[in-house]
Amino acid sequence: MANDSTGLVSRRQCMLRMGALAAASGWGLPALAQADTVRLGQSVALSGPLAELGRALHEGALAGFAVVNAKGGVHGRRIELVGKDDGYNVQRSLANVKAFLDDPGLFALFGCMGTPMIEALLPLLKNTDVPLFTPLTGATSARPAGMRQVMNIRASYPEETERLVEHLATIGIKRLAVVSQHNSFGDEVKQAALAAAKRRGLNAVVAVTVENDASDAGAAAAQVAKAEPEAVFIGLAGKPTIEFVKAIRRERKGLPLYALSVMGSNATLEALKDDGVGIAMTQVVPLPTNAVVPVVRDFLQAWKAHGAKLEPSHLALEGYINARVFAEALKRAGPKPTRAGFVDAVYALRRLDLGGFELGFSEPGRNASRFIELTMVGRGGRFLR
């Protein structure tokens, strides 16, 4: 009897060791999925120059997952979102992602933020099966056709740019200035703007760049004003936006300005004050205060229940939508989801209507949403449709 007991203990110890080895090597995904929690990792700017954007995105996702968890989770499992602050710094982001990948309990990366950060972390995922769900960037570089586990929802920067230029052509603009940030984000939107202008018969009378520290924003504004455009396309984010807009308002007060969704943070609009009034910009989710739209109404209820201290914003709504879609795909992956099964379930979402926001995944490299609408900044930094 003693021998039998010893043998049983030995077998148990052996099984525990094998389980630990499997988890450490990434073989243990079915066992991972049998736990009562699905853990997600998010490297996001919770401090630094883009902290407001990061906090809104993170809190919106938490509000979405809180609703799911309050209803018992997905197949009885809670979704846990672990956010790590990277201050919008590539090296800090990489350190966060490496720590997540070393966690045997991690199911997926979710909502990681920023074009430079996503470009840097993609090589880390190359030889893994770790999903990267809804990174916050519209860059083409974040939509690699060869990486099935990278799944984007939001419309791309080139798509936003195309919609803006289409609108400008429709209202009869002929002379366009293009202002872009001196980085990979700016380069992409500049090329997209110039190509779209050429297709639609607009004359790009000047194309200038602004450094990330905005040190040359005044010179860029003077160059734009000298070219006498009828409108300005702005491919900037953060401080360069603020300094350029203030400078161009001094040069030519009433010149129509058009920008992408990344410009529209509350902090930017507060800094611009009256200089921001009248700027038109694209948005990739509905107006977050328009409760007539069902998904917005659901978001506002979740936002209130979550007790978030931030004002409802487009980015908070985007985080909420991303959480809703993740939970739906996880549900369809079945009671014992694996990473591979989850990815399959995502691409099986050919048409999902959240109530005023439709999306559909088709193939790697393509974003699921084509939603883009034009808004205008009104008094007090409020968006108007």
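Numbering of the sequence shown is given in our numbering, commencing with residue -3 and proceeding in unit increments.
Cβ coordinates follow ideal geometry from the N, Cα and C atoms, glycine included.
Computed from a predicted structure; not experimentally measured.
- If the five residues before and after T130 are omitted, its C-beta is found closer than 8 Å to the C-beta atoms of F106, G107, M147, N148, I149, R150, N318, V321, F322, all from its own chain and listed in chain order.
- In terms of Cβ geometry, L311 and L53 form a close pair [threshold 8 Å].
- In its chain, beyond the 5 residues on either side, L36, Q38, A57, L58, F61, F106 have a beta carbon closer than 7 Å to the beta carbon of L77.
- Around the beta carbon of R195, fewer than 16 other beta carbons sit within 10 angstroms, so the residue counts as exposed.
- Here DSSP, grouped into helix, strand and coil, assigns K80 to strand.
- Looking at the DSSP output, S39 bridges to K80.
- When rounded, the separation of the alpha-carbon atoms in V281 and S365 is 9 Å.
- Per DSSP, the continuous beta strand (DSSP E) segment holding L370 begins and ends at 369 to 373.
- Looking only at V63, D32, E48, R74, the smallest Cα-Cα distance to Y316 is reached by V63.
- In the displayed model, F295 falls within a helix according to three-state DSSP.
- In this structure, the alpha-carbon of A255 lies about 17 Å from that of A221.
- DSSP places R335 within a helical segment (H, G or I) once states are collapsed to three.
- Straight-line spacing of the CA atoms in F357 and N363 works out to 7 Å.
- Distance between P290 and E162, taken at the CA atoms: about 28 Å.
- The shortest C-alpha to C-alpha distance from E239 to any of P333, A217, T278, A223 is the one to A217.
- Taking R328 as reference, the option from V70, A104, P127, T33 with the minimal CA-CA separation is V70.
- Contact between E226 and I169 holds, with the beta-carbon distance rounding to 5 Å and staying under 8 Å.
- For L265, the CB contacts under 7 Å within the same chain, skipping 5 residues up- and downstream, are G272, V373, G377 in chain order.
- In this structure, the beta-carbon distance from S89 to A116 falls below 8 Å.
- The Cβ-Cβ distance between T205 and G234 does not fall below 8 Å.
- The three-state reading of DSSP puts V321 in helix, counting H, G and I together.
- Counting the other CB atoms within 10 Å of its CB gives T371 a total of 16 or more, which places it among the buried residues.
- Per DSSP, T264 is one residue of the alpha helix (DSSP H) stretching across 262 to 268.
- Within the segment 120 to 205, the complete alpha helix (DSSP H) runs of at least 4 residues fall at 153 to 166, 180 to 195.
- Residue state for V34 is assigned as strand, using DSSP reduced to three classes.
- Contact between N262 and E48 holds, since their C-beta atoms are separated by about 6 Å, short of 8 Å.
- Of the residues assessed, S176 falls on the buried side of the cut-off, its CB having 16 or more other CB atoms within 10 angstroms.
- Note that the C-beta distance between S43 and G101 is not below 8 Å.
- In terms of Cα proximity to T124, the closest of R347, G231, A298, M143 is M143.
- A direct Cα-to-Cα measurement between K186 and G134 gives close to 14 Å.
- With a threshold of 16 other beta carbon atoms within 10 Å, A213 meets it and is buried.
- Shown here, G361 sits in coil according to DSSP, grouped into three states, outside any helix or strand.
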